[in-house]
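To start, the structure itself, in structure tokens.
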Amino acid sequence: MISSFTTESLKEEVGSGSGWSWISEPVGISKDDSFSKFGLLEQINTIADKSDYLWYSLSIGIEDDAGSQTVLHIESLGHALHALINGKCLVYRLAD
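In terms of the UniProt record's numbering, the sequence shown opens at residue 1 and continues consecutively.
Structure, rendered in structure tokens:
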């Protein structure tokens, strides 16, 4: 049951008061056809079986007094998940 659901569009520039941030990683490390794109992509059609690698990163800032009942819920068909809180790995999972 979802009691509330919010979305936030990614922006090229994010104000420091918004609590959102993003990092652009270098591309082209392993293949000449590597690319970057602002926003989310549909993985199967994007990679066209050339690779299974798409990397998404999201950082959310939560004030100390607002985070005591925070729940992290992730649904993914991806094969790996890394979740970090305050720079410490909370969970690392590979698909079965």
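Virtual Cβ for every residue (Gly too), placed ideally from N, Cα, C.
Nearest by alpha-carbon distance to residue 87: which of 77, 39, 60 and 75 is it? 60
Name, in chain order, the residues that DSSP records as bridge partners for residue 62. Its beta-bridge partners do not exist; DSSP assigns none.
Could you give the first and the last residue of the continuous beta strand (DSSP E) run that contains residue 85? 80-85
With a cut-off of 8 Å on the beta carbons, I'd call residue 94 and residue 73 a contact; round off their distance for me. That pair is no contact at about 19 Å.
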